[in-house]
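Colleague:
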Amino acid sequence: MWALTALLLLVPSSGRAATLEKPILSLHPPWTTIFKGERVILRCDGYHPPLLDLRPISTLWYLGHLLLPSHKKSIEVQTPGVYRCQTRGAPVSDPIHLSVSNDWLILQVPYAAVFEGEPLVLRCRGWYDKVVYKLHYYHDSKAVRYFHSSANYTVPQARAGDSGRYQCSGTMRIPVESAPMFSAKVAVTVQELFPAPVLRVTGRAEARGGVAVRCETRLHPQKRDTPLQFAFYKYSRLVRRFDWGAGYTVPEREVEELESYWCEAATATRSVRKRSAWLQLPGRGSPLDLASTTAPVPQATALAPGNQPLSFRKPPGSRSALLVTSVPNTTSSGLQFPAGQAPTAGPPACAPPTPLEQSAGALKPDVDLLLQEMQLLKGLLSRVVLELKEPQAFPEHRESLENPTSHFAVSPGTRETTIVES
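Residues -17 to -1, 1 to 405 (mature numbering (1 follows the signal peptide of the UniProt record, and there is no 0)) are what the sequence shown spells out, left to right.
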């Protein structure tokens, strides 16, 4: 019996090995680009079996698909490539890509993933730490910061918009000041800490009454230990301040306005804050049938557009589709039709023109005719004024002016003006 117990202690459980997490690979110094001839240290931190295990404790190292001879927890390297490590019974670690440069100027970025709300530090470094003067940092080919001499560029709280390709430029005294030199471009990706939350209805709160809702989101696997706080709002009014609980109970008297609620998730320092969309009610037939308990039967009346009250609240568009109750001889908009004259199903037709549009179309020919008459009258008045000022210039029209023998007539149905003889 004693021998069997000792044997069980020495053999690791297969279930335990299946649940082991992959080890964490770190880089020191924490820069993925180095100069040729420099060395960095890689360290693999993960699960190590108990001392009673008969097999030796070791760590496996990979450079690309090549297995390295070392089995220590830390190794010193200077060869460029993709490095990974593995401890016994655990998956392979995430990779670290090490680059080696022979340029005068390099841009160094962190090896570890940068998440929203965390500082992003970039380092422009001259050949073997020579001072860089007239230093510029660029983000997607746009200058974002200038320093007189060597300095790091820091984004205190990174956002998704800070992702992109970075570059730096500057001059060095070797021994006299050189022309501006540029580093190679380096891609930087800011990881999402958690997506925008979703506010969901979880059920009825039987103890206190009302409806229980929950603000749900999911942290990145590498940041699952980050604590989050949640706040709840009705329209723009805060109904519960930030707290560790992701649940909230809507009072019974406000259940009818469930669609006006939304929530916000944030880190404890508020470096990352994201809000949800408006609450979406479940469909009919779901365990929480709010329509049958809180929704009144829609009345068959409609307000004219000019009589609708002004409101700054969210229009409950989704509620109208959820709370429709069957009313004989009515449409979804609430307008009644006599029995036997309900509209038939068919393709949607264009909306009929409004009375204003009809009157505008009918008046257009009359307006054009009126404009032509005004132009003709303007010409006649100008000629009369000219003849009155200088009658000798128009002797042949003096008699016609004193004894008019014709008049102008305009046909209402045409656009032409004709002269009718008396």
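The beta carbon of each residue, even a glycine, is placed where N, CA and C say it ideally should be.
(1) For residue 44, count neighbouring C-beta atoms within 10 Å of its own C-beta (all shown protein chains included) and say buried if the count is 16 or more, exposed if not.
(2) Could you name the residues of the same chain whose beta carbon sits closer than 7 Å to that of residue 212, not counting the 5 residues immediately before and after it, in chain order?
(3) Looking at residue 173 and residue 233, is the spacing between their C-beta atoms short of 9 Å?
(4) Using DSSP's beta-bridge definition, name the partner residues of residue 249.
(5) Are the segment 181 to 188 and the segment 149 to 168 in contact at 8 Å, needing three or more beta carbon pairs?
(6) Using the Cα positions of residue 108 and residue 84, report the straight-line distance between them to the nearest angstrom.
(7) Excluding the 5 residues preceding and the 5 following residue 4 in the sequence, name in chain order all residues of the same chain whose CB lies nearer than 8 Å to its CB.
(8) Look up residue 77 in the DSSP assignment and give the residues it is bridged to.
(9) I'd like the span of the beta strand (DSSP E) that includes residue 222, first residue to last.
(10) If you drop the 5 nearest sequence neighbours on each side, which residues of the same chain put their C-beta closer than 8 Å to that of residue 358?
(11) Given a cut-off of 9 Å, decide if residue 16 and residue 57 are closer than it, judged by their beta-carbon atoms.
(12) Residue 295 by DSSP, collapsed to three states: which one?
(13) On the DSSP bridge assignment, give the partners of residue 186 in chain order.
(14) What three-state label does DSSP hand residue 71 in the structure shown?
(15) Indicate the three-state DSSP secondary structure (helix, strand or coil) for residue 244 in the structure shown.
(16) Residue 94 by DSSP, collapsed to three states: which one?
(17) So the candidates are 160, 146, 71, 202; which of them puts its Cα closest to the Cα of residue 116?
(18) So, does the segment 97 to 104 touch the segment 59 to 79, judging by three or more C-beta pairs under 8 Å?
(19) In its own chain, which residues sit with a C-beta less than 8 Å from the C-beta of residue 332, not counting the 5 before and 5 after it?
(20) Return the chain-ordered list of same chain residues with a C-beta closer than 6 Å to the C-beta of residue 217, the five sequence neighbours on each side being excluded.
(21) Check the C-beta distance from residue 111 over to residue 118 and give it rounded, since I have them as a contact under 8 Å.
(22) Could you say which of 145, 13, 241 lies nearest to residue 123 if we only look at CA atoms?
(23) At the level of alpha carbons, what is the spacing between residue 241 and residue 189?
(24) Pull up the distance between the alpha-carbon of residue 41 and that of residue 79, whole angstroms please.
(25) Spell out the partners DSSP gives residue 106 in its beta bridges.
(26) Does the beta-carbon distance from residue 23 to residue 46 come in below 9 Å?
(27) Give me the Cα-Cα distance between residue 261 and residue 96, rounded to the nearest whole angstrom.
(28) Quick one: Cα of residue 143 to Cα of residue 88, how far?
(29) Does DSSP classify residue 236 as helix, strand or coil?
(30) Should residue 229 and residue 223 be called a contact, given that it needs their Cβ atoms to be closer than 9 Å?
(31) Should residue 25 and residue 11 be called a contact, given that it needs their Cβ atoms to be closer than 9 Å?
(32) Take the Cβ of residue 70 as the centre, count every other Cβ of all protein chains shown within 10 Å, and call the residue buried at 16 or more, exposed below.
(33) Kindly indicate which three-state DSSP category residue 150 falls into: helix, strand or coil?
(34) Please identify the residue among 219, 176, 186, 192 whose C-alpha is closest to the C-alpha of residue 201.
(35) Give every residue of the same chain whose Cβ lies closer than 6 Å to the Cβ of residue 133, excluding the five residues on either side of it in the sequence, and list them in chain order.
Modeller: Taking the coordinates as given:
(1) The residue labelled residue 44 in the question sits at position 61 within the sequence shown. So residue 44 counts as buried.
(2) Stepping through the sequence shown from its first residue, residue 212 is reached at position 229. Once the five neighbours on either side are set aside, the close Cβ partners of residue 212 are 225, 226, 227, 249, 251.
(3) For the purposes of this step, residue 233 is taken as the residue at position 250 of the sequence shown. For the purposes of this step, residue 173 is taken as the residue at position 190 of the sequence shown. Contact: no.
(4) Sequence index remark: in the sequence shown, residue 249 carries index 266 (1-based). Answer by DSSP bridge pairing, in chain order: 212, 256.
(5) no
(6) The count along the sequence shown starts at 1 and reaches residue 108 at position 125. The count along the sequence shown starts at 1 and reaches residue 84 at position 101. Going from the Cα of residue 108 to the Cα of residue 84 covers about 11 Å.
(7) Numbered from its first residue, the sequence shown carries residue 4 at position 21. Same-chain partners within the cutoff: 29, 30, 73, 74.
(8) Stepping through the sequence shown from its first residue, residue 77 is reached at position 94. Per DSSP, none; premise fails for residue 77.
(9) Position 239 of the sequence shown holds residue 222. Where residue 222 is concerned, the enclosing beta strand (DSSP E) stretches over 220 to 226.
(10) Along the sequence shown, read from residue 1 onward, the residue named residue 358 stands at position 375. Cβ contact annotation for residue 358 (same chain, cutoff 8 Å, sequence separation greater than five): none.
(11) Walking along the sequence shown from the start, residue 57 turns up at place 74. Walking along the sequence shown from the start, residue 16 turns up at place 33. Not closer than 9 Å, so no.
(12) What you label residue 295 is simply residue 312 of the sequence shown in a count that begins at 1. In this prediction, residue 295 scores a pLDDT of 38, lower than 50, which makes its location untrustworthy; the coordinate-derived value is nonetheless stated afterwards. Correct three-state label for residue 295: coil.
(13) Locating residue 186 in the sequence shown gives position 203, counting from the first residue. The partner list for residue 186 (beta bridge, DSSP) reads 195.
(14) Counted from its first residue, the sequence shown places residue 71 at position 88. Coil, per DSSP.
(15) Taking the first residue of the sequence shown as position 1, residue 244 is located at position 261. Strand, per DSSP.
(16) Sequence index remark: in the sequence shown, residue 94 carries index 111 (1-based). Taken through DSSP and simplified to helix, strand or coil, residue 94 comes out as coil.
(17) Here residue 116 is taken as the residue at index 133 of the sequence shown, counted from 1. Answer by Cα proximity: 160.
(18) no
(19) Taking the sequence shown and counting its residues from 1, the one referred to as residue 332 is at position 349. In this prediction, residue 332 has a pLDDT of 45, which is less than 50 and means its spatial position is unreliable; nothing more can be read from the coordinates.
(20) Walking along the sequence shown from the start, residue 217 turns up at place 234. Answer for residue 217: 243, 244, listed in chain order.
(21) Here residue 111 refers to the residue found at position 128 when the sequence shown is read from its first residue. Here residue 118 refers to the residue found at position 135 when the sequence shown is read from its first residue. Not confirmed; about 17 Å, so no contact.
(22) By 1-based counting over the sequence shown, the position of residue 123 is 140. Of the candidates 145, 13, 241, the one whose C-alpha sits nearest the C-alpha of residue 123 is 145.
(23) In the sequence shown, the residue the question calls residue 241 occupies position 258. In the sequence shown, the residue the question calls residue 189 occupies position 206. Cα to Cα, residue 241 sits roughly 17 Å from residue 189.
(24) As a first step, residue 41 is located in the sequence shown; it is residue number 58 there, counting from the start. As a first step, residue 79 is located in the sequence shown; it is residue number 96 there, counting from the start. Going from the Cα of residue 41 to the Cα of residue 79 covers about 20 Å.
(25) Here the question's residue 106 lines up with position 123 in the sequence shown. Beta-bridge pairing links residue 106 to 91.
(26) Looking up residue 23 in the sequence shown gives position 40. Looking up residue 46 in the sequence shown gives position 63. Not in contact: residue 23 and residue 46 (Cβ atoms no closer than 9 Å).
(27) Within the sequence shown, numbered from 1, the residue matching residue 261 stands at position 278. Within the sequence shown, numbered from 1, the residue matching residue 96 stands at position 113. Each residue's alpha carbon lies about 32 Å from the other.
(28) The residue you call residue 143 lines up with position 160 of the sequence shown. The residue you call residue 88 lines up with position 105 of the sequence shown. Taking the straight line from one Cα to the other gives about 27 Å.
(29) Locating residue 236 in the sequence shown gives position 253, counting from the first residue. Helix.
(30) Start at 1 with the first residue of the sequence shown, and residue 229 comes out as number 246. Start at 1 with the first residue of the sequence shown, and residue 223 comes out as number 240. No, they are not a contact pair.
(31) The residue you call residue 25 lines up with position 42 of the sequence shown. The residue you call residue 11 lines up with position 28 of the sequence shown. Their beta carbons are under 9 Å apart, which means residue 25 touches residue 11 by this criterion.
(32) Your numbering for residue 70 matches position 87 in the sequence shown. Taking all protein chains in view, the Cβ of residue 70 is crowded by 16 or more other Cβ atoms within 10 Å, so the residue is classified as buried.
(33) Stepping through the sequence shown from its first residue, residue 150 is reached at position 167. In the structure shown, the three-state DSSP call for residue 150 is strand.
(34) Translated into the one-based positions of the sequence shown, residue 201 becomes position 218. Of 219, 176, 186, 192, the residue nearest in Cα terms is 176.
(35) Along the sequence shown, one-based indexing puts residue 133 at 150. Within the same chain, residue 133 has close Cβ partners 114, 115.
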